[in-house]
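If you use my numbering, the sequence shown closes out at 561, no skipped numbers anywhere. Every residue gets a Cβ at the ideal spot worked out from N, C-alpha and C, and that includes glycine.
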Amino acid sequence: MSSVRVRFAPSPTGQLHFGGLRTALYNYLFAKSFNGKFLLRIEDTDRERIVPGSMEQIQSILKWTRLQPDEPPITQSERVEIYRKYLNKLFGKLNHQNQPHIYRCFCSVDRLMLLRHECKRRSQPYRYDGRCKQLTEKQQNEYIQQGLSHVIRFSLPTDNQGIQVYDDLIYGHHEHNPYVTEGDFILLKSDGYPTYHLANVIDDHLMNISHVLRGHEWQTSTSKHLLLYKAFNWPSPIYGHLPLLERERGRKLSKRDKENAINPIEIDFYRQKGYYPNAILNFITLCGGGGFTDEDTVIGKTLDEMISLFNIKLFSRHAAIVDFKKLFLCQRAHLKREYQTSTESHQRIIEELRQKVLYYYPEKKNSISSIQLQNDYLVKIINMIDFRIILLDELFTNNLYEYLWKDPEIKKDFIDNIEQFKFVIKQTLNNFNQIHFIHDDVKKFIKEYQPNKITNKQIFRIWRLVLCGCLQGPPVHEIATFFGSDIVRKRFENALLVLDQQNENVQVKL
52 MSSVRVRFAP SPTGQLHFGG LRTALYNYLF AKSFNGKFLL RIEDTDRERI
102 VPGSMEQIQS ILKWTRLQPD EPPITQSERV EIYRKYLNKL FGKLNHQNQP
152 HIYRCFCSVD RLMLLRHECK RRSQPYRYDG RCKQLTEKQQ NEYIQQGLSH
202 VIRFSLPTDN QGIQVYDDLI YGHHEHNPYV TEGDFILLKS DGYPTYHLAN
252 VIDDHLMNIS HVLRGHEWQT STSKHLLLYK AFNWPSPIYG HLPLLERERG
302 RKLSKRDKEN AINPIEIDFY RQKGYYPNAI LNFITLCGGG GFTDEDTVIG
352 KTLDEMISLF NIKLFSRHAA IVDFKKLFLC QRAHLKREYQ TSTESHQRII
402 EELRQKVLYY YPEKKNSISS IQLQNDYLVK IINMIDFRII LLDELFTNNL
452 YEYLWKDPEI KKDFIDNIEQ FKFVIKQTLN NFNQIHFIHD DVKKFIKEYQ
502 PNKITNKQIF RIWRLVLCGC LQGPPVHEIA TFFGSDIVRK RFENALLVLD
552 QQNENVQVKL
């Protein structure tokens, strides 16, 4: 394939979401799979919709995900004079029907609204009727002298020449006639800024874009762009349109969806939460094909591996269902892969976990000797949970893991017989030297130790409450082996001490 040059062209109208990042990713993968160039263009000509800071955020996320452009970005608002220069070249040029390619339109907003209502009354699609196309040069100059605002429209062919046929990279044969559905469309707005259609075509030409990969919603616009290329006498790029993203069949992925409060579609939400960029990208590749399979949720792929796997011929033409469960699985896979990849990445995760201990339990900062800050302890935690978590924060926000960091609280509601409870603790401490904290030795000790006909079940329950402050969790012998002799002894000693104080809620200090 000849030199491949693609672009990602977002509008800074809000936060970058999964749909936008998917377009960026697939353009990047396509370019790199052919040793091509990936470019960035900021399409900010719709000035009323611009959200301050969103352009910087888009570029920040592209950098975070390593989808970096190969050339300096282009910003359309800085190129308005370029668009006007090329547009002026079309004035006076005629199409095959001997009609001007472009013309000024002075129709007021009120007239266009009436026209829209009339089309609706007749159950017809709204289409501009071409009224201003008949204005003479003299009439146009008079209107301009009167200060009437105007736009510039493209004159569409009214015959079969208006039907544009092309082979979509994903959808195959496609044809569309914009004259039937829309009529002459606007190229330059009354504020002097170009519309998407004009700026898009001029920039793609000047940037030598070879392929355009964009969302399916732009497929009907492609016919307009092909007609513009013909009017300028320029070669057109090859087009491919990505299938829509849906939360479920027939329900488009949208930030206005009520489910967005549960599973947001904005990328920055997941970046702030601590998701890995490759996990986000992996998840996106599972939305619509392209050579990727659900196996990636188990293994996890690097960006280079995604490039080698990418195949645009394997894209689905159906709308892609976004299953957020796969995102969580991808994150888990990448957490595990990161931890196991190298000594450096392993230590990086351990250090990240240590910083989270200090964040959630700042009082430990002044206790340098705190067991919970030591490498051995943190490594044991990672190994024990065996990557059942998605994010490291879950070790602090999920109550199931609270006993790892926080002094367990034993509530009297959990104690059936406080004297029996204290008796088991005392007997355990009296025989503590008999326990070897390896393998199943703890389990063996508890089973063989039945003072006063106390059942194994009752003893296991007491041990769990002393060590964890809860009634459910991992097997008691695993917890005890994990903690080791020193921590277990301290928790039993402090449990006995606090129980003697007869508090309503008993706080056991490690």
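Exercise for the section: Throw me the rounded Cβ distance for the S463 and L547 pair, which I believe falls under 8 Å. Expected result: Stepping through the sequence shown from its first residue, residue 463 is reached at position 412. Stepping through the sequence shown from its first residue, residue 547 is reached at position 496. Checking the displayed sequence, the identity of residue 463 turns out to be Lys instead of Ser. Actually they do not touch by this definition, with Cβ atoms about 15 Å apart.
Handout entry: Residues of its chain near V408, where Cβ-Cβ distance is below 7 Å and the 5 sequence neighbours each way are ignored
Key = Locating residue 408 in the sequence shown gives position 357, where the first residue counts as 1. Contacts found: K415, Q423, L424 and W456.
Problem - Residues near H68 in its chain [Cβ-Cβ closer than 7 Å; skip 5 each side] - result: Counting from 1 along the sequence shown, the entry for residue 68 is found at position 17. Contacts found: K306, I316, E317 and I318.
Practice task
Output the distance between the C-alpha atoms of K560 and D537, rounded to the nearest integer angstrom.
Solution key: One-based indexing of the sequence shown puts residue 560 at position 509. One-based indexing of the sequence shown puts residue 537 at position 486. With a pLDDT of only 43 at K560, under the threshold of 50, the placement of this residue in the model should not be trusted, and no figure is reported.
Handout entry: At least three beta-carbon pairs within less than 8 Å, the segment 129-144 to the segment 100-111
Key = No, the segment 129-144 does not touch the segment 100-111.
Practice task
Determine contact between the segment 123-132 and the segment 91-103, defined as no fewer than three beta-carbon pairs at a distance below 8 Å.
Solution key: yes
Practice task
Measure the C-alpha to C-alpha separation of L446 and L278 and round it to an integer number of angstroms.
Solution key: Position 395 of the sequence shown, counted from the first residue, corresponds to residue 446. Position 227 of the sequence shown, counted from the first residue, corresponds to residue 278. Computed Cα separation, rounded: 58 Å.
Exercise for the section: Check whether the segment 106-124 touches the segment 326-338, taking contact to mean three or more Cβ pairs, one atom from each stretch, closer than 8 Å. Expected result: Contact holds: three or more Cβ-Cβ distances are below 8 Å.
Exercise for the section: Within 10 angstroms of the Cβ of Q66, are there 16 or more other Cβ atoms? Answer buried if so, exposed if not. Expected result: For the purposes of this step, residue 66 is taken as the residue at position 15 of the sequence shown. Buried, by the Cβ-count rule.
Exercise for the section: State the start and end residues of the unbroken beta strand (DSSP E) segment that holds K462. Expected result: Residue mapping note: residue 462 aligns to position 411 of the sequence shown, counting from 1. Where K462 is concerned, the enclosing beta strand (DSSP E) stretches over E460 to K462.
Problem - Distance CB(H586)-CB(Q215) smaller than 9 Å - result: No information on residue 586 is available, as it lies outside the stretch 52 to 561 that the chain covers here.
Handout entry: Range of the contiguous beta strand (DSSP E) that encloses I203
Key = Reading the sequence shown from its first residue, position 152 is the one you call residue 203. Its beta strand (DSSP E) spans residues V202 to F205.
Practice task
Leaving aside the five residues before and after L378 along the sequence, list all residues of the same chain whose C-beta is less than 6 Å from its C-beta, in chain order.
Solution key: Mapped onto the sequence shown, residue 378 falls at position 327. Here L378 has F334 as same chain residues with Cβ atoms under 6 Å from its own Cβ, once five neighbours each way along the sequence are excluded.
Problem - Whole runs of the alpha helix (DSSP H) within the segment 176-255, excluding any shorter than 4 residues - result: DSSP runs (the alpha helix (DSSP H)) wholly in the segment 176-255: 188-196 and 229-232.
Exercise for the section: Would you list the one or two residues that DSSP bridges to E68? Expected result: Stepping through the sequence shown from its first residue, residue 68 is reached at position 17. It is His, not Glu, that sits at residue 68 in the sequence shown. Bridge partners of H68: E317.
Handout entry: Under 9 Å between C-beta atoms of L332 and D345
Key = Numbered from 1 along the sequence shown, position 281 holds the residue referred to as residue 332. Numbered from 1 along the sequence shown, position 294 holds the residue referred to as residue 345. Not in contact: L332 and D345 (Cβ atoms no closer than 9 Å).
Problem - Backbone secondary structure at K144 - three-state DSSP - result: In the sequence shown, counting from the first residue as 1, residue 144 sits at position 93. Coil, per DSSP.
Practice task
Counting only the same chain and skipping the five closest in sequence on each side, list residues whose C-beta sits under 6 Å from that of Q150.
Solution key: Reading the sequence shown from its first residue, position 99 is the one you call residue 150. So the list reads S206, once near-sequence residues are dropped.
Problem - I203 vs L239 beta-carbon contact at 9 Å - result: For this step, residue 203 is matched to residue 152 along the sequence shown. For this step, residue 239 is matched to residue 188 along the sequence shown. Against a cut-off of 9 Å, the Cβ pair of L239 and I203 comes out as a contact.
Exercise for the section: Assuming P294 and G351 form a contact by the criterion Cβ under 8 Å, report the distance between their Cβ atoms to the nearest whole angstrom. Expected result: Within the sequence shown, the letter at position 243 stands for residue 294. Within the sequence shown, the letter at position 300 stands for residue 351. So it is not a contact: roughly 24 Å between Cβ atoms.
Handout entry: Proximity to I401 [Cα-Cα], best of L443, N78 and A384
Key = Taking the sequence shown and counting its residues from 1, the one referred to as residue 401 is at position 350. Minimum Cα distance to I401 is reached at L443.
Problem - Opening and closing residue of the beta strand (DSSP E) in which R399 lies - result: Residue mapping note: residue 399 aligns to position 348 of the sequence shown, counting from 1. No beta strand (DSSP E) contains R399, which is instead part of the alpha helix (DSSP H) from T394 to Y411.
Problem - 8 Å Cβ shell around R56 - same chain, five flanking residues per side excluded - result: The residue labelled residue 56 in the question sits at position 5 within the sequence shown. Contacts found: A82, G87, K88, L90, M258, N259, I260, S261 and H262.
Problem - is_contact[D355, chain B] using C-beta, thresh 9 Å - result: In summary, chain B is missing from the structure at hand, where a single protein chain is found.
Practice task
Check whether the segment 431-439 touches the segment 507-519, counting contact only when three or more Cβ pairs, one atom from each stretch, lie closer than 8 Å.
Solution key: Here the segment 431-439 makes no contact with the segment 507-519; the two share fewer than three CB pairs at distances below 8 Å.
Practice task
Tell me, to the nearest whole angstrom, how far the beta carbon of Q191 is from that of R162; I am working on the premise that it is less than 8 Å.
Solution key: Numbered from its first residue, the sequence shown carries residue 191 at position 140. Numbered from its first residue, the sequence shown carries residue 162 at position 111. Their Cβ separation, rounded to whole angstroms, is 17 Å, which puts Q191 and R162 out of contact at 8 Å.
Exercise for the section: Answer yes or no: do T74 and L264 have a C-beta to C-beta separation smaller than 9 Å? Expected result: For the purposes of this step, residue 74 is taken as the residue at position 23 of the sequence shown. For the purposes of this step, residue 264 is taken as the residue at position 213 of the sequence shown. The answer is yes: Cβ separation under 9 Å.
Problem - Segments of 4+ residues assigned as alpha helix (DSSP H) that fall wholly inside the segment 267-351 - result: Listed in chain order, they are 273-283, 318-324, 328-336 and 347-350.
Problem - Segments assigned beta strand (DSSP E), at least 3 residues, entirely inside the segment 425-488 - result: Counting whole runs of 3 or more residues, the segment 425-488 contains the beta strand (DSSP E) stretches 460-462.
Problem - Coil, strand or helix - A60 by DSSP - result: Counted from its first residue, the sequence shown places residue 60 at position 9. In the structure shown, the three-state DSSP call for A60 is coil.
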